[in-house]
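Engineer: Shown below is the structure under consideration.
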Amino acid sequence: GAGVSQTPSNKVTEKGKYVELRCDPISGHTALYWYRQSLGQGPEFLIYFQGTGAADDSGLPNDRFFAVRPEGSVSTLKIQRTERGDSAVYLCASSSGGSYNEQFFGPGTRLTVL
Amino acid sequence: QKEVEQNSGPLSVPEGAIASLNCTYSDRGSQSFFWYRQYSGKSPELIMFIYSNGDKEDGRFTAQLNKASQYVSLLIRDSQPSDSATYLCAVPSGGSYIPTFGRGTSLIVHP
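What follows is the structure, encoded as structure tokens:
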């Protein structure tokens, strides 16, 4: 079956612009996670959805970051007034929410803010 | 702040040897532990998870968990050049679905 997909694979934008990153989870997975990863670091948690609601958004760095999952499937991560420090790979993962909650990652979106 | 620590490496081993990757964690309440493999420029891929003390084997991979000492390790037997990657340890805090990732250990298997 299809895995997690993310679009675009690469996004180059200018400082101050608005960007949207999309994640399409594995069909039937109720849990969806956003992470970002900088070079030489592990993924850093941003936000977790269970169904349509954000169950935990404690990892969002500030109010420029927002994410939605209106129908409990596809999710969009939105970043306003981008800054050069937002440059990273943004990873999405989904899980069926089983007892041990194994997460499966998408290919990521590489965001570059010039 | 929940912490997951890994030696960043690189760990270099010859082909056919056993590679041993280690991870320590700070939250005594953690119940499940995950190892991901990440090739350069790719996303993490789940290879093992363990939740009971002791060893869990899957093919050439063995995960070892010692909750009393708060460490989890990954052994790769008969290492192959294709095993060259960064190995990430991920540990959810007790009662949470959110894993904290270590920074990963870079493994190089040379022919």
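Heads up: the protein sequence lines correspond to chains A and B, in order.
Count the first sequence with this note's numbering and you get residues 1 to 114, in order.
Count the second sequence with this note's numbering and you get residues 1001 to 1111, in order.
Using N, Cα and C, we set each Cβ at its ideal position, and we do this for glycine too.
(1) Return the first residue and the last residue of the beta strand (DSSP E) that Ile1050 (chain B) is part of.
(2) Is the CB of Tyr969 (chain B) under 8 angstroms away from at least one CB in chain A?
(3) Taking the continuous beta strand (DSSP E) assigned at Asp56 (chain A), which residues delimit it?
(4) Is Gly1059 (chain B) close to chain A? Criterion is C-beta to C-beta, closer than 8 angstroms.
(5) Determine whether the Cβ of Leu1021 (chain B) lies closer than 8 angstroms to any Cβ atom of chain E.
(6) Considering only the alpha carbon of each residue, which of A:Thr82, A:His29, A:Val74 and A:Leu60 lies closest to Arg22 (chain A)?
(7) Where do the N-terminal and C-terminal ends of the beta strand (DSSP E) with Glu71 (chain A) fall, by residue?
(8) For the structure I just gave you, are there three or more beta carbon pairs, one from the stretch 76-91 of chain A and one from the stretch 1013-1023 of chain B, closer than 8 angstroms?
(9) Please say whether Thr30 (chain A) and Gly53 (chain A) have beta carbons closer to each other than 8 angstroms?
(10) By how many angstroms is the C-alpha of Ser1084 (chain B) removed from the C-alpha of Asp116 (chain A)?
Structural biologist: Answer, in terms of the structure:
(1) One-based indexing of the second sequence puts residue 1050 (chain B) at position 50. Here the beta strand (DSSP E) through Ile1050 (chain B) covers Glu1045 to Ile1050.
(2) No answer is possible for residue 969 (chain B): the residues shown for chain B start at 1001 and end at 1111.
(3) One-based indexing of the first sequence puts residue 56 (chain A) at position 56. Residues Gly53 to Asp56.
(4) Counting from 1 along the second sequence, the entry for residue 1059 (chain B) is found at position 59. Not a single C-beta of chain A is nearer than 8 angstroms to the C-beta of Gly1059 (chain B).
(5) No chain E is present in this structure, whose protein chains are A and B.
(6) For the purposes of this step, residue 22 (chain A) is identified with residue 22 of the first sequence, where counting begins at 1. Looking at the Cα atoms, A:Val74 is the closest of the given residues.
(7) Start at 1 with the first residue of the first sequence, and residue 71 (chain A) comes out as number 71. Looking at the DSSP string, Glu71 (chain A) is not in any beta strand (DSSP E), and its letter there is neither H nor E.
(8) Pairwise C-beta distances place the stretch 76-91 of chain A out of contact with the stretch 1013-1023 of chain B, as fewer than three of them are shorter than 8 angstroms.
(9) Position 53 of the first sequence holds residue 53 (chain A). Position 30 of the first sequence holds residue 30 (chain A). Annotated as distal: Gly53 (chain A) and Thr30 (chain A), with beta-carbon spacing of 8 angstroms or more.
(10) As shown, chain A starts at 1 and ends at 114. That puts residue 116 (chain A) outside it, with no answer to give.
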